[in-house]
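Below is one structure, written out as structure tokens; comments come after it.
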Amino acid sequence: MSFNAIIVQLLNGLASASSLFLVAAGLSLIFGVTRIVNFAHGSLYMLGTYTAYSLVQWFGSGIPSFWSGVLLSGMIVGVFGALVERLLLRRLYHAPELLQLLATFALVLIIRDFALWTWGPEDLLGPRAPGLEGAVAIAGRNVPEYDLLLIALGPVVLGLLWLLLTRTRWGTLVRAATEDREMAGALGVNQAWLFTSVFALGSFLAGLGGAIQIPREPAVLTMDLSILSDVFVVVVVGGMGSIPGAFLAAVIIGVLKAMCIGIGKVSAFGIDFSFSKLTLVVEFIVMAVVLVIRPWGLFGRSQGASRTASVEPPLYLPSPALQKLLAAGLLVLALLPLLSDRYTLVLLTDILVFALFAVSLHFIMGPAGMHSFGHAAYFGLGAYAAALLFKHALPMELALGLAPFAAGLGALLFGWFCVRLSGVYLAMLTLAFAQIAWSVVFQWDAFTGGSNGMVGIWPAQWLASKTTFYYLALALCAGGTLILWRILYSPFGYGLRAGRDSPLRADAIGIDVRRQQWLGFALAGTFAGLAGAIYAFSKGSISPDALSIPRSVDGLVMVLMGGIQTLTGAVAGAAVFTWLQDTIARQTEFWRALLGGIILFLVLVFPQGIAGFMRERWDARNGRREA
Numbered sequence: 000m001s002f003n004a005i006i007v008q009l010l011n012g013l014a015s016a017s018s019l020f021l022v023a024a025g026l027s028l029i030f031g032v033t034r035i036v037n038f039a040h041g042s043l044y045m046l047g048t049y050t051a052y053s054l055v056q057w058f059g060s061g062i063p064s065f066w067s068g069v070l071l072s073g074m075i076v077g078v079f080g081a082l083v084e085r086l087l088l089r090r091l092y093h094a095p096e097l098l099q100l101l102a103t104f105a106l107v108l109i110i111r112d113f114a115l116w117t118w119g120p121e122d123l124l125g126p127r128a129p130g131l132e133g134a135v136a137i138a139g140r141n142v143p144e145y146d147l148l149l150i151a152l153g154p155v156v157l158g159l160l161w162l163l164l165t166r167t168r169w170g171t172l173v174r175a176a177t178e179d180r181e182m183a184g185a186l187g188v189n190q191a192w193l194f195t196s197v198f199a200l201g202s203f204l205a206g207l208g209g210a211i212q213i214p215r216e217p218a219v220l221t222m223d224l225s226i227l228s229d230v231f232v233v234v235v236v237g238g239m240g241s242i243p244g245a246f247l248a249a250v251i252i253g254v255l256k257a258m259c260i261g262i263g264k265v266s267a268f269g270i271d272f273s274f275s276k277l278t279l280v281v282e283f284i285v286m287a288v289v290l291v292i293r294p295w296g297l298f299g300r301s302q303g304a305s306r307t308a309s310v311e312p313p314l315y316l317p318s319p320a321l322q323k324l325l326a327a328g329l330l331v332l333a334l335l336p337l338l339s340d341r342y343t344l345v346l347l348t349d350i351l352v353f354a355l356f357a358v359s360l361h362f363i364m365g366p367a368g369m370h371s372f373g374h375a376a377y378f379g380l381g382a383y384a385a386a387l388l389f390k391h392a393l394p395m396e397l398a399l400g401l402a403p404f405a406a407g408l409g410a411l412l413f414g415w416f417c418v419r420l421s422g423v424y425l426a427m428l429t430l431a432f433a434q435i436a437w438s439v440v441f442q443w444d445a446f447t448g449g450s451n452g453m454v455g456i457w458p459a460q461w462l463a464s465k466t467t468f469y470y471l472a473l474a475l476c477a478g479g480t481l482i483l484w485r486i487l488y489s490p491f492g493y494g495l496r497a498g499r500d501s502p503l504r505a506d507a508i509g510i511d512v513r514r515q516q517w518l519g520f521a522l523a524g525t526f527a528g529l530a531g532a533i534y535a536f537s538k539g540s541i542s543p544d545a546l547s548i549p550r551s552v553d554g555l556v557m558v559l560m561g562g563i564q565t566l567t568g569a570v571a572g573a574a575v576f577t578w579l580q581d582t583i584a585r586q587t588e589f590w591r592a593l594l595g596g597i598i599l600f601l602v603l604v605f606p607q608g609i610a611g612f613m614r615e616r617w618d619a620r621n622g623r624r625e626a
């Protein structure tokens, strides 16, 4: 690549970095003060893009009209964010952080269908910015004038935010809350007002970041999750709560992606390597490297434990009465094929598969306290391992048996790095490794089938019947679930919970916390791989979606809906979520909004989860606590 081409790609990267910085700065502010990992932040960006498109069309042509529409879009999104914080999130500040995450995910579903209902499914490309339609010749190439404006916009916004945070009383309060939220509240800071104002500003920046994109990119319904992953990476790499860190990280990632596009394909020693393919994963590689070397990001610092944090309640073995109830449930599952049609059997098989997937995620999230945003990596590795082994002439039974160990090896490798972190940094590193694995599967056409996936992954002849395969799935999923639950009541399981509640005390009594967590991570990945292998043979095909971020999010939703501190919660959450998703999707085009509304209802009414609520009622009835 020539020097002139490097200069042009550098400018392209800086232009993309400015918009990314605006959105990331908003998320960093919100997390720094409220400690909420806002999954809906990408939806605010999308709303800003769609709103700007409509307002600019409405106001008409002209420089004042265009920029008035852009700024007003950001303000509208800011007001919307403030309303969300006041009407919804304020009710959840004393709830577990993961429950807040579930509520923001529900907002993602609702906002996406709102956009679908308002603007339709078509891509919408806004007009060019008046007065900036031309290009400037730089290094022998034409660079759009609008891109140059965006390059200047990033440092300007950074400077304004610095002044706001360092030269105003409000900024002092924000910095104090970021450093120690509980102490700020104890000193008399009005936290309710502060949280609302911060959420409004963060939402405004997200909406503005989306609005300024209308001359460059079309408004599409999938832009919420696509921008969200990039923004999370920027915030984590820069350091949670650090605005300068977010700016530097946005520049690094924006420039690296542009350079990968500019370099293109390179040949060395007879081997062709396409740098363009790295654009799908380069930001996650950067995040993984940064978090391994500097666990709290470039400008971040270790988050101290909250003064209001409490030790999780212990897990109890089911009482004899509850054991009989669970046994009766298994009997019902065994008899259901006698009363079900083919479609229902397929749905029941899916529920069993995702129940095991959710239980494996619960194993490391609840008892072990390790939050994972990328658990689908091991589900997908198990599915692809089964498909590849089957395609290479191994019997289906042997492929099904070996696939979980392939997923377990992947979890063993990734987990070695992940367990060295904690909190949101651990969660984001799991996301990074999952996205790297997805990128390899998505682009390795010769081995995995690439984006088309693999087909013809059918079970053996004796399992061709849906009923027979259902019984196999029931045996494997129920058996895997019982094994994981049994491990939780072994010395190993008690060691996991000790490391979760008090790592220092656990280490003092001789427990190797990191080794316990590492092995627990690998165990969870193994059983997630078993669920993936069963899924591959049940569908007869597999695609990269099995490792995607939405699949990981589905697992999180299942665990949180059911109740993270109940052993049966993951099973209940998987059953309810899978059934609701299937049922609602067949009833209406706007099934995401309806599903999101149901999730919000469950969050507000049953904050302890479905199974947690039922357990409380059972305990109240029987006069004791049971799992």
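Count the sequence shown with numbering that gives the first Met the number 0 and you get residues 0 to 626, in order. We put the beta carbon where it would ideally sit given N, CA and C, even for glycine. Given the structure is predicted, the values throughout are model-derived calculations rather than measurements.
Tell me which same chain residues have a C-beta within less than 7 Å of the C-beta of leucine 428, skipping the five on either side of it?
Taking the sequence shown and counting its residues from 1, the one referred to as residue 428 is at position 429. Cβ neighbours of leucine 428 beyond the five flanking positions: Ala287, Leu290, Phe416, Cys417, Leu420.
Completely contained alpha helix (DSSP H) runs for the segment 482–536, where each covers 4 or more residues:
490–500, 502–507
Which residues does DSSP list as the beta-bridge partners of arginine 140?
To locate residue 140, count along the sequence shown from 1; it is residue 141. Per DSSP, Ile137.
Can you name, in chain order, every residue of its own chain whose Cβ lies under 8 Å from the Cβ of isoleucine 137, other than the five neighbours on each side?
Taking the first residue of the sequence shown as 1, we reach residue 137 at position 138. These residues qualify, in order along the chain: Ile6, Val7, Leu10.
Who pairs with methionine 453 in a beta bridge, going by DSSP?
Translated into the one-based positions of the sequence shown, residue 453 becomes position 454. According to DSSP, which records beta bridges pairwise, methionine 453 is partnered with Ile541.
Which ranges would you report for the alpha helix (DSSP H) in the segment 402–451 if only whole runs of at least 4 residues count?
422–442, 444–447
CB valine 36 to CB valine 423, shorter than 8 Å?
For the purposes of this step, residue 36 is taken as residue 37 along the sequence shown, with counting starting at 1. For the purposes of this step, residue 423 is taken as residue 424 along the sequence shown, with counting starting at 1. Against a cut-off of 8 Å, the Cβ pair of valine 423 and valine 36 comes out as a contact.
Residue ranges of each alpha helix (DSSP H) run of no fewer than 4 residues wholly in the segment 340–412, ordered along the chain?
341–364, 375–390
Going by CA-CA distance only, name the one from Leu329, Phe113, Leu186 that's closest to leucine 481.
Here residue 481 corresponds to residue number 482 of the sequence shown, with the count starting at 1. For the residues Leu329, Phe113, Leu186, the minimum Cα distance to leucine 481 belongs to Leu329.
Is serine 421 close to chain B, meaning its C-beta is less than 8 Å from at least one C-beta of that chain?
Chain labels in this structure do not include chain B; a single protein chain is all it has.
Hey, out of Pro458, Ile284, Asp179, whose CA is closest to leucine 255's CA?
As a position in the sequence shown, residue 255 is number 256, starting the count at 1. Measuring from the Cα of leucine 255, the nearest candidate turns out to be Ile284.
Alanine 39, DSSP secondary structure in three states
Sequence index remark: in the sequence shown, residue 39 carries index 40 (1-based). Of the three classes helix, strand and coil, the one that applies to alanine 39 here is coil, per DSSP.
For alanine 426, count neighbouring Cβ atoms within 10 angstroms of its own Cβ and tell me buried if that reaches 16, exposed if not.
Within the sequence shown, numbered from 1, the residue matching residue 426 stands at position 427. By the neighbour-count rule (16 or more Cβ atoms within 10 Å), alanine 426 is buried.
Would you mind sorting phenylalanine 446 into buried or exposed? The rule is 16 or more other CB atoms within 10 Å of its CB.
One-based indexing of the sequence shown puts residue 446 at position 447. The residue is exposed, with fewer than 16 neighbouring Cβ atoms inside 10 Å.
Alpha carbon to alpha carbon, how far is glutamine 460 from tryptophan 295? Give it in angstroms, no decimals.
Your numbering for residue 295 matches position 296 in the sequence shown. Your numbering for residue 460 matches position 461 in the sequence shown. Taking the straight line joining both Cα atoms gives about 52 Å.
Mind checking whether valine 250 and alanine 16 have CB atoms under 8 Å apart?
Here residue 250 refers to the residue found at position 251 when the sequence shown is read from its first residue. Here residue 16 refers to the residue found at position 17 when the sequence shown is read from its first residue. Yes, they are a contact pair.
Which stretch, first to last residue, makes up the alpha helix (DSSP H) that contains isoleucine 211?
Within the sequence shown, residue 211 is the residue found at index 212, counting from 1. Premise fails: isoleucine 211 is in no alpha helix (DSSP H) and is neither H nor E.
Would a C-beta distance cut-off of 8 Å place valine 22 and valine 230 closer than the cut-off?
Indexing the sequence shown from 1 puts residue 22 at position 23. Indexing the sequence shown from 1 puts residue 230 at position 231. Against a cut-off of 8 Å, the Cβ pair of valine 230 and valine 22 comes out as a contact.
DSSP state of alanine 218 mapped onto helix, strand, coil
In the sequence shown, the residue the question calls residue 218 occupies position 219. Three-state DSSP puts alanine 218 in a strand.
Distance, Cα to Cα, leucine 603 vs glycine 478?
Here residue 603 is taken as the residue at index 604 of the sequence shown, counted from 1. Here residue 478 is taken as the residue at index 479 of the sequence shown, counted from 1. Roughly 33 Å between the two C-alpha positions.
Measuring alpha carbon to alpha carbon, tell me which of His374, Tyr145, Trp66 ends up nearest aspartate 544.
For the purposes of this step, residue 544 is taken as residue 545 along the sequence shown, with counting starting at 1. Of the listed residues, the one whose Cα sits closest to aspartate 544 is His374.
Straight-line Cα distance separating leucine 351 from threonine 278:
As a working mapping, residue 278 is identified with position 279 in the sequence shown. As a working mapping, residue 351 is identified with position 352 in the sequence shown. Straight-line Cα distance between these residues: approximately 36 Å.
Would serine 309 be called buried (16 or more neighbouring beta carbons within 10 Å of its own) or exposed?
As a position in the sequence shown, residue 309 is number 310, starting the count at 1. Any reading at serine 309 is ruled out, since the residue's pLDDT is 48, under 50, leaving its predicted position unreliable.
Compute the Euclidean distance between the alpha carbons of leucine 148 and isoleucine 548, then round it to the nearest angstrom.
Counting from 1 along the sequence shown, the entry for residue 148 is found at position 149. Counting from 1 along the sequence shown, the entry for residue 548 is found at position 549. Distance between the alpha carbons of leucine 148 and isoleucine 548: 33 Å.
Check whether the Cβ atoms of alanine 367 and glycine 519 lie closer than 8 Å to each other.
Translated into the one-based positions of the sequence shown, residue 367 becomes position 368. Translated into the one-based positions of the sequence shown, residue 519 becomes position 520. Yes, Cβ-Cβ distance for alanine 367 and glycine 519 is below 8 Å.
Under three-state DSSP, which class holds leucine 13?
On the sequence shown, position 14 is the one that residue 13 refers to. In this structure, leucine 13 counts as helix in the three-state DSSP scheme.
Going by alpha carbons, who is nearest to threonine 514 out of Ala532, Ala431, Gly414?
Numbered from its first residue, the sequence shown carries residue 514 at position 515. Note on residue identity: the sequence assigns arginine, not threonine, to residue 514. Per the Cα distances, Gly414.
Going by the beta-carbon positions, is the gap between alanine 81 and leucine 204 smaller than 8 Å?
Position 82 of the sequence shown, counting from 1, holds the residue named residue 81. Position 205 of the sequence shown, counting from 1, holds the residue named residue 204. Not a contact, by the Cβ cut-off of 8 Å.
Considering just the uninterrupted stretch of the alpha helix (DSSP H) at alanine 128, what are its terminal residues?
As a first step, residue 128 must be located in the sequence shown, where it is residue number 129. From DSSP, alanine 128 is part of no alpha helix (DSSP H); its letter is neither H nor E.
Okay, do the segment 181–193 and the segment 45–56 touch, 3+ Cβ pairs below 8 Å being the bar?
no
Quick check on glutamate 625: does DSSP put it in helix, strand or coil?
Position 626 of the sequence shown holds residue 625. Because the pLDDT of glutamate 625 is 43, which lies under 50, any placement of that residue in the model is unreliable, and the number read from its coordinates should be weighed accordingly. Three-state DSSP puts glutamate 625 in coil, outside helix and strand.
How should arginine 306 be labelled, buried or exposed, when 16 other C-beta atoms within 10 angstroms of its C-beta is the threshold for buried?
Here the question's residue 306 lines up with position 307 in the sequence shown. Residue placement at arginine 306 is flagged as unreliable, the pLDDT there being 48, under the threshold of 50; a coordinate-derived value is accordingly withheld.
What does the alpha-carbon distance come out to for the pair tryptophan 517 and alanine 523?
As a first step, residue 517 must be located in the sequence shown, where it is residue number 518. As a first step, residue 523 must be located in the sequence shown, where it is residue number 524. Cα to Cα, tryptophan 517 sits roughly 10 Å from alanine 523.
Go ahead and label alanine 626 buried or exposed: buried means 16 or more other beta carbons lie within 10 angstroms of its beta carbon, across all protein chains shown.
What you label residue 626 is simply residue 627 of the sequence shown in a count that begins at 1. Here alanine 626 scores only 45 on pLDDT, less than 50, and its place in the model should not be relied on; the value that follows carries that caveat. Answer is buried; the Cβ neighbour count reaches 16.
Is there contact here, the segment 110–127 with the segment 40–49, by at least three beta-carbon pairs under 8 Å?
yes
Let me know the secondary structure DSSP gives leucine 87 once reduced to three states.
Here the question's residue 87 lines up with position 88 in the sequence shown. Coil.
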